[in-house]
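A.B. asks:
In the numbering used here, the protein residues as written are 30 to 417.
#1: Take residue 318 and list the residues in its own chain whose beta-carbon comes closer than 8 Å to its own, dropping the five residues that flank it on each side.
#2: Taking contact to mean 3 or more Cβ pairs, one atom from each stretch, closer than 8 Å, check whether the stretch 335-352 and the stretch 306-318 are in contact.
#3: Hey, would you say residue 428 sits closer than 9 Å to residue 262, going by beta carbons?
#4: Identify which residue in 138, 125, 54 has its Cα closest to the Cα of residue 104.
#5: Assuming contact is defined by CB atoms lying nearer than 9 Å, are residue 192 and residue 180 in contact in what I supplied?
#6: Go through its chain and collect everything with a Cβ distance to residue 216's Cβ below 8 Å, but skip five positions before and after it.
#7: Three or more beta-carbon pairs under 8 Å between the stretch 127-136 and the stretch 103-119, yes or no?
#8: Give the secondary structure of residue 152 by DSSP, where H, G and I count as helix, E and B as strand, and everything else as coil.
#9: Going by DSSP in three states, residue 293 sits in which element: helix, strand or coil?
#10: Skipping 5 residues on each side, what residues in its chain have a beta carbon closer than 6 Å to that of residue 113?
#11: With DSSP collapsed to three states, give me the class of residue 213.
#12: Taking only runs that begin and end inside the stretch 262-321, name each unbroken alpha helix (DSSP H) of 4 or more residues, in chain order.
#13: Indicate the three-state DSSP secondary structure (helix, strand or coil) for residue 250 in the structure shown.
#14: Whole angstroms is fine: what's the gap from residue 369's alpha carbon to residue 185's?
#15: Considering only residues of the same chain and omitting the five flanking positions on each side of residue 289, which have a CB-CB separation below 7 Å?
#16: Classify residue 111 as helix, strand or coil using the three-state DSSP reduction.
#17: Over the uninterrupted beta strand (DSSP E) stretch that includes residue 126, give me the two end residues.
#18: Excluding five sequence neighbours on each side, which residues of the same chain lie with their C-beta closer than 7 Å to the C-beta of residue 155?
#19: Note the first and the last residue of the continuous alpha helix (DSSP H) segment covering residue 389.
#20: What residues in its chain sit with their C-beta under 6 Å from that of residue 218, if we drop five residues either side in the sequence?
#21: Going by beta carbon distance, what residues of the same chain come within less than 7 Å of residue 58, once the five residues before and after it are set aside?
#22: Cα-Cα, which of 61, 56, 73, 64 is closest to residue 87?
#23: Can you grab the Cα-Cα spacing for the pair residue 297 / residue 360, in whole Å?
#24: CA-CA distance, residue 36 and residue 42?
#25: Cα separation between residue 393 and residue 78?
#26: Under 8 Å Cβ to Cβ from residue 224, same chain only, skipping five residues before and after it: list those, please.
#27: DSSP state of residue 22, grouped into three classes?
#28: Would you list the residues sitting across from residue 105 in a DSSP beta bridge?
#29: With residue 388 and residue 371 assumed to form a contact (beta carbons below 8 Å), what rounded beta-carbon distance in angstroms separates them?
#30: If you draw a straight line from the alpha carbon of residue 142 to that of residue 158, how long is it in whole angstroms?
#31: Just verifying my parser: in three-state terms, what is the DSSP assignment at residue 159?
#32: Assign residue 139 to buried or exposed, taking buried as 16 or more other Cβ atoms, counted over all protein chains shown, within 10 Å of its Cβ.
#33: What's the C-alpha gap between residue 299 and residue 85?
#34: What separation, rounded to the nearest whole angstrom, lies between the Cα atoms of residue 236 and residue 70?
#35: Alpha carbon to alpha carbon, how far is residue 323 from residue 414? Give it in angstroms, no decimals.
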């Protein structure tokens, strides 16, 4: 459930963000344009735009010619004054850092090595990366830091659970980063949720696409779901988790101790384990993809099997959430084109409610860039606008 806006200060914050969000996507617009888009009154738009100009978010770009009376000002966002910082905890040997303009453009991006494979070293690498990111940038203001978390955060304790980075499990990552960098506002979210936000915004210029699903196939299985315009998180921040849905076909033992979970089948390890079962040969993901391109018989058999399992998953999620668009990303996207016909065949066969619906399924190949922009989106929605 969304937080209800009660106080006058919260109402002003919400309205300011409505105005900024519109201006980020529509540069050089008049206050009248903002009124029409945001449904705010003339007085409210005028007052809040003046405050945002004083706070260093907006400026007058030019004057719009009028048929009579005073010329109307065209407003623009000052993209190169306010910045976001994005952090991605890639694995236990590196973190990725990006400096992003208020317009969500990445201006600096680099990796920082982790000295030791433990949580403390990862946290120190993050703090070092932030400092390096701001070297020589004394004039800019950091709105906040967004962190892409490789796992699920327990809402009560802030502890990371079910993480793909073993040394971070059971750790309060955001709390530790906040202690190291108290001068910044730091927030974090699951990687797949951030990608869902980023692709949904990319699909529609004005607002998030109301119903979008992003499925991440990599070392693990992740998902981000936007339903009716809201990110599905559930009461414990675990909403939409699908890793242990019992629709696997090889009856593999999952890390949870059960058999038939979908994650051991659709993760990268699942593809490779199936290939070893069929051939007795242990190969890398790159070698498997090469065999798929060469149309090797066993590799093609596994691709067909995985495509059909994905088709089952897509049809189940479609029935539950009725998305407009379904994205598939992670390293699994390397073989998406080969699986696509099997995914759609199973989906169409199981599409019983409305045969007219044409669900769009797309590969998502810009993972790193979208993840960093998702971090910026997260910061935008959580930061508090304060006067300079």
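Positions of the beta carbon are idealized from the N, C-alpha and C atoms, including for glycine.
C.D. replies: To lay it out plainly:
#1: Position 289 of the chain shown, counted from the first residue, corresponds to residue 318. Excluding residues within five positions, the ones whose Cβ falls inside 8 Å are 363, 364.
#2: Between the stretch 335-352 and the stretch 306-318, the count of C-beta pairs closer than 8 Å stays below three; the two stretches do not touch.
#3: The requested residue 428 does not occur in the structure, where the chain is confined to residues 30 to 417.
#4: Taking the chain shown and counting its residues from 1, the one referred to as residue 104 is at position 75. Residue nearest to residue 104 within the set 138, 125, 54 is 54 (criterion: CA-CA distance).
#5: Along the chain shown, one-based indexing puts residue 192 at 163. Along the chain shown, one-based indexing puts residue 180 at 151. In this structure, residue 180 lies closer than 9 Å to residue 192 by Cβ.
#6: Numbered from 1 along the chain shown, position 187 holds the residue referred to as residue 216. Correct list, in chain order: 173, 174, 175, 176, 203, 407, 408, 411.
#7: Taking 8 Å as the limit for Cβ pairs, the verdict is that the stretch 103-119 does touch the stretch 127-136.
#8: Indexing the chain shown from 1 puts residue 152 at position 123. Note: residue 152 maps to helix in three-state DSSP.
#9: Counting from 1 along the chain shown, the entry for residue 293 is found at position 264. In this structure, residue 293 counts as helix in the three-state DSSP scheme.
#10: Numbered from its first residue, the chain shown carries residue 113 at position 84. Same-chain partners within the cutoff: 129, 172, 405, 408.
#11: Taking the first residue of the chain shown as 1, we reach residue 213 at position 184. Looking at residue 213 - three-state DSSP - the assignment turns out to be coil, as it is neither helix nor strand.
#12: The alpha helix (DSSP H) runs lying completely inside the stretch 262-321 and spanning 4 residues or more are 292-295, 297-308, given in chain order.
#13: In the chain shown, residue 250 corresponds to position 221, counting from 1. Strand.
#14: As a position in the chain shown, residue 369 is number 340, starting the count at 1. As a position in the chain shown, residue 185 is number 156, starting the count at 1. Cα-Cα distance, rounded: 40 Å.
#15: For the purposes of this step, residue 289 is taken as residue 260 along the chain shown, with counting starting at 1. These residues qualify, in order along the chain: 275, 277, 280.
#16: Within the chain shown, numbered from 1, the residue matching residue 111 stands at position 82. For residue 111, the three-state secondary structure derived from DSSP is strand.
#17: Taking the chain shown and counting its residues from 1, the one referred to as residue 126 is at position 97. Residue 126: member of the beta strand (DSSP E) spanning 123-130, first to last residue.
#18: Numbered from 1 along the chain shown, position 126 holds the residue referred to as residue 155. So the qualifying residues of the chain are 116, 124, 206.
#19: Translated into positions along the chain shown, residue 389 becomes position 360. Counting along the chain, residue 389 falls outside any alpha helix (DSSP H), though it belongs to the beta strand (DSSP E) covering 389-392.
#20: Within the chain shown, the letter at position 189 stands for residue 218. Within the same chain, Cβ atoms closer than 6 Å to the Cβ of residue 218 are found at 407, the five residues on either side in sequence being excluded.
#21: Position 29 of the chain shown, counting from 1, holds the residue named residue 58. Annotation for residue 58: 52, 103, 104 place their beta carbon closer than 7 Å to its own, counting only its chain and skipping 5 residues before and after.
#22: Indexing the chain shown from 1 puts residue 87 at position 58. Considering only 61, 56, 73, 64, the residue with the shortest C-alpha distance to residue 87 is 56.
#23: Locating residue 297 in the chain shown gives position 268, where the first residue counts as 1. Locating residue 360 in the chain shown gives position 331, where the first residue counts as 1. Each residue's alpha carbon lies about 8 Å from the other.
#24: Here residue 36 refers to the residue found at position 7 of the chain shown. Here residue 42 refers to the residue found at position 13 of the chain shown. In a straight line, the C-alpha of residue 36 is about 10 Å away from that of residue 42.
#25: The count along the chain shown starts at 1 and reaches residue 393 at position 364. The count along the chain shown starts at 1 and reaches residue 78 at position 49. Each residue's Cα considered, the two are about 36 Å apart.
#26: Counting from one through the chain shown, the residue named residue 224 turns up at place 195. Counting only Cβ-Cβ distances below 8 Å, and skipping sequence neighbours, we find 243, 245, 253, 356, 358, 393, 396, 399, 400, 403.
#27: The question about residue 22 has no answer here: the residues shown for the chain are numbered 30 through 417.
#28: Here residue 105 corresponds to residue number 76 of the chain shown, with the count starting at 1. Answer is 88.
#29: As a working note, residue 388 is residue 359 in the chain shown. As a working note, residue 371 is residue 342 in the chain shown. About 15 Å; that fails the 8 Å criterion.
#30: As a working note, residue 142 is residue 113 in the chain shown. As a working note, residue 158 is residue 129 in the chain shown. Residue 142 and residue 158 have their alpha carbons spaced roughly 9 Å apart.
#31: Here residue 159 corresponds to residue number 130 of the chain shown, with the count starting at 1. Helix at residue 159.
#32: Indexing the chain shown from 1 puts residue 139 at position 110. With fewer than 16 Cβ atoms within 10 Å of its Cβ, residue 139 is classed as exposed.
#33: Indexing the chain shown from 1 puts residue 299 at position 270. Indexing the chain shown from 1 puts residue 85 at position 56. Looking at the two C-alpha atoms, the distance is approximately 51 Å.
#34: Taking the chain shown and counting its residues from 1, one reaches residue 236 at position 207. Taking the chain shown and counting its residues from 1, one reaches residue 70 at position 41. A caution first: residue 236 carries a pLDDT of 48, below 50, which makes its placement in the model too unreliable to give a value.
#35: Stepping through the chain shown from its first residue, residue 414 is reached at position 385. Stepping through the chain shown from its first residue, residue 323 is reached at position 294. Spanning the two alpha carbons is a distance of roughly 55 Å.
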